[in-house]
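Chains as they are written, first to last, in numbering that gives the first Met the number 0: chain A, 0 to 249; chain B, 0 to 233; chain C, 0 to 320.
Worksheet for the structure shown next.
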Amino acid sequence: MSVAILSARGVTKKFGGLAAVADVTFDLHEGEILGLIGPNGSGKTTLVNVVTGALPATGGEVRFADRPLTGLPWHEVGRLGVSRTFQVVKPFRNLSVVENVMVGALFGARGGARDLRTARRQAEEVLAFVALDHRADAPAEGLNVPERKRMELARALAMRPRVLMLDEVMAGLNPAEIDAAVELIKRIRDRGITLLVIEHVMKAIRNLSDRILVLFHGQTLTEGAPGDVLNDERVVAAYLGRRYAEAARA
Amino acid sequence: MLEVRQLSAGYGAMQILRDVTLSVPAGEIVTLVGSNGAGKSTLLNTVCGIIKPVGGRVLLDGTDITGRASEAIVALGITQVPEGRRLFPTMTVRDNLILGAYRRRDAKAIAHDLAWVYELFPILEERQRQAAGSMSGGEQQMCAIGRGLMARPRLLILDELSLGLAPIMLDTLVDALTKVHHEGMTIFLVEQDVATAFDLATTGYVLENGRVVLSGPTSELRADSHVKKAYLGL
Amino acid sequence: MTTRPAPRRFATIAAAVVGIVLLGAAPGVLSPFMVQFVINLFMLAILAESWNIIGGFTGYASFGNVAFFGIGAYTTGVLMTKVGWPLAAALAAAGVVPMLFAALVGLPILRLKGHYFAIATLGVAETMREVVYNLEITGAGTGLVMPIARTPALFFYLMLGILIAVTLVNVWLAHSRFGYGLVAIREDEDAAAAMGIDTARYKTIAFALSGAFAGLTGGVFAYWITFIDPDAVFRVIVTIQMIIMAVFGGAGTVVGPLLGALVLASVSEILSTHLVALAELFNGVIVILVVLFMPKGLLEVVRAGRSSLRVMARNLREYRV
């Protein structure tokens, strides 16, 4: 039985009177890839925002490696070893690719590297890992969509996280790029990083997830092995839709 | 309705489109599919007057509109729902929709069309007073399409409709667009999600490296082995 | 923010040392008028370079740095005239007091972004002028008369020293982890926080540093012109000048603000002696030129060397005039 490296209990986030996330409880087991799916507006990104400290929780608690995570300032969470990517990537436009990744190396887990040379070396390693090293000195502005996604990922990896949360990294990628991204994520897991992956690309979710958590209107709909969850009629009705079901039967 | 003949275009020294020819007959849904970097955005930018082509022509109902300013092209009845939605985030959903009808003066018809959009996308009516930027991606996509429809265009161009949308959301959009099409709208769909594109469109063009490599009825394209391997991941 | 190769670095340091030595000899060689001009130039360069810390590197465009300048001037003024402190101590205080003030004021104000931050800082500067205007200890409206200094060269070397110091701070920012943090905040503050940067602390330190140097300069200024009143040291035009110089030269670079101060102060001086009418227009014209042709500053264009015209043309096109 795997250790829960991160646990969320009763996490709630309200905006005004509206609960974007309502009483969500889940465990993230060390070394696993947890898929997080749900219709648009079901609270997936908000949940990640609350867990990583970008937004304060209205209620509930999150613990990471046996310390409370809720209530910590945003930058503290990154320093503890929980990193995330953003759905709409946030490159540092006026820096080069390697400089972007260096920021991750400089400020990541346990405070990061102290000097620029070490940070640069670490950044170059990460860029090689994500196969973006040939663009190391290119300005971040000049990257195309898949490259920008990989840089965003590299930045988060350079923080040497124990837990990495990916928010729709596959959006806008073609099938070949999606396959490459899936392989990359598996290699990240092989390095010992626990992953939570938000995705709408079902092929990727099926291939990656050890377990899947489904959100609907801010609440947990169901949770379990991909085979069970993706065939659950409630999930088909709420999320997968008729065309997916037809294609799956075909 | 829309005809593109041997269009070549690019940005400065970089030529992206080479000799692209396609046609969108009135009343049909036509799709152009291709990967990132194939040139889909460049094609749309050229058609809508944002960049000037180096060769070829763009015709709307037989009239040459090549190289005309974007405002003029919008005035002729082409509306584009851009990639990434580009809503006005701090304005309400309702205001965003009404702004779609900016060029129109017929208040009663505008109100009627607003009701029509709400019927297609009930969630928009529910959220009409909410700031558009605070909605989720799929809801924003519906709002963007609604805004496009509010212009009552003759030709509706959709750029990357499916980006970041849950499968069920795509169902909603496909249904809505099918309904809109049955009411007579001509739709040109530029897409990376080939499965969805072929569900909606009757005719398809496949763009690779700036050239049209395949074209024909989508029913046939679906079965093409190259398409299956490269785009449907099968 | 790149680490430059060793030989080029050595050349730059060598050139800087030679330049400083030459400047050091200047008071003995130049006419008194020129010495005054250079002191003024140094002052503007320090202000631009210190603004660069919060405005250029961190991306928080403060429109109120003259407040720190003025507080520094009055700190020195009050300590020397009312309390009898010697110059050295009074100047040290002129650096420390505005620095603490910046840290304090920064607590609420640095939470604002963009335009709101600019307006709030402008408000702070205007408020400080009114406060000083109404206090007895600062001489209220009548101002303070400073003790006369014997050697004009003293101000030259004081300003030169501060200029070297603030430039070295900029150099440090361009090559340090702290500097990277500031730039990250400028580029995307949310991403910076998510990556582990304590944005509130970093912004406050940058603001305080910026204030310290502006204040130090104000202290020397007070002693230099021997008479200060609120209108002399809390002038909005000073803030505007330091911003324009920094941006014109290249905000966020080490050398940009210095270059901007040198070029603009010199041209402005020439214009005001020979073409007074144009002098008034000058600032406005510069702003327009910068926005159209060199939004990243003169340094970017100069560095492009032979491609500078192309760089300017591209900037113009991107602005889509």
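The C-beta atom is built at its ideal place from N, Cα and C for all residues, glycine as well.
Every value quoted in this text rests on a predicted model; they were computed, and no experiment measured them.
- By the CB criterion at 7 Å, B/R210 and B/R4 fall outside the cutoff.
- When Cβ pairs closer than 8 Å are counted between the two stretches, the region 67-78 of chain C is seen to touch the region 126-146 of chain C, the count reaching three or more.
- A/G240 is a Cβ neighbour of B/I167, given a cutoff of 7 Å.
- With distances taken between CA atoms, A/G111 lies nearest to C/M194 out of C/H273, C/M194, C/L46.
- Excluding sequence positions up to five before and after C/A205, its CB lies within less than 8 Å of the CB of I52, I53, F56, T57, Y59, L181, all in the same chain and listed in chain order.
- Residue environment: C/R149 is assigned as exposed (fewer than 16 neighbouring CB atoms within 10 Å of its CB, all protein chains considered).
- Annotated three-state conformation of A/L156 is helix, per DSSP.
- When C-alpha distances from C/V168 are compared across C/F154, C/I224, C/L263, C/A207, the shortest belongs to C/A207.
- Under the 7 Å criterion on CB atoms, A/G70 is classed as non-interfacial with respect to chain C.
- A distance below 7 Å separates the beta carbons of A/R154 and A/G103.
- For the C-beta of B/N44, not a single chain A residue is nearer than 9 Å; the gap to the nearest is close to 16 Å.
- The alpha-carbon separation between A/A53 and B/L220 amounts to approximately 45 Å.
- Its Cα nearest to that of A/R188, the residue A/L156 stands out among A/I36, A/R120, A/L156, A/E151.
- Any Cβ of chain C closer than 7 Å to the Cβ of A/F106 would place that residue at the interface, and such an atom is present.
- Approximately 7 Å separates the beta-carbon atoms of C/V235 and C/A124; this is inside 8 Å, confirming the contact.
- A/H133 has a beta carbon lying at 7 Å or more from every beta carbon in chain C.
- The beta-bridge partner set that DSSP reports for A/A7 consists of A/F25, A/V61.
- Separation of C/T225 and C/I147 (C-alpha to C-alpha, rounded to the nearest whole angstrom) is 6 Å.
- No Cβ-Cβ contact shorter than 7 Å links B/E207 with B/A8.
- Residue state for B/S133 is assigned as helix, using DSSP reduced to three classes.
- Per the Cβ contact rule, the region 195-215 of chain A is in contact with the region 25-35 of chain A (3 or more Cβ pairs under 8 Å).
- Using a Cβ-Cβ distance cut-off of 8 Å, the region 110-128 of chain B and the region 90-100 of chain B are in contact, since at least three pairs of beta carbons, one from each stretch, lie closer than that value.
- Looking at the backbone, the Cα of B/A110 and that of B/R153 are separated by about 19 Å.
- In the DSSP secondary-structure assignment, A/K13 is bridged to A/A18.
- What C/D230 touches in chain A, judged by beta-carbon distance under 7 Å, is nothing: the nearest beta carbon there is about 38 Å away.
- Take the alpha-carbon of C/L103 and the one of C/F68: they are about 16 Å apart.
- Just measuring C-alpha positions, the residue of C/T272, C/S271, C/A13, C/L297 sitting nearest C/A260 is C/L297.
- Under DSSP, B/F187 forms a beta bridge with B/V29, B/I156.
- Annotated three-state conformation of B/L86 is coil, per DSSP.
- Sixteen is the threshold: since fewer than 16 other Cβ atoms of the shown chains lie within 10 Å of the Cβ of C/R110, the residue is exposed.
- With respect to the C-alpha of A/D132, the residue from A/R149, A/G59, A/N230, A/P160 having the closest C-alpha is A/R149.
- In the same chain as A/D136, and ignoring 5 residues on each side of it, the C-beta atoms closer than 8 Å to its own belong to S95, V96, V97, in chain order.
- For A/P225, no chain B residue has a Cβ inside 9 Å of its Cβ, as the nearest lies near 15 Å away.
- No residue range can be given for A/E198, since it is assigned to no beta strand (DSSP E) and is classified by DSSP as neither H nor E.
- Note on the region 95-150 of chain A: whole alpha helix (DSSP H) runs with a minimum of 4 residues are 96-106, 115-128, in chain order.
- For the region 27-58 of chain A, the full-length alpha helix (DSSP H) segments reaching 4 residues or more read 43-50 along the chain.
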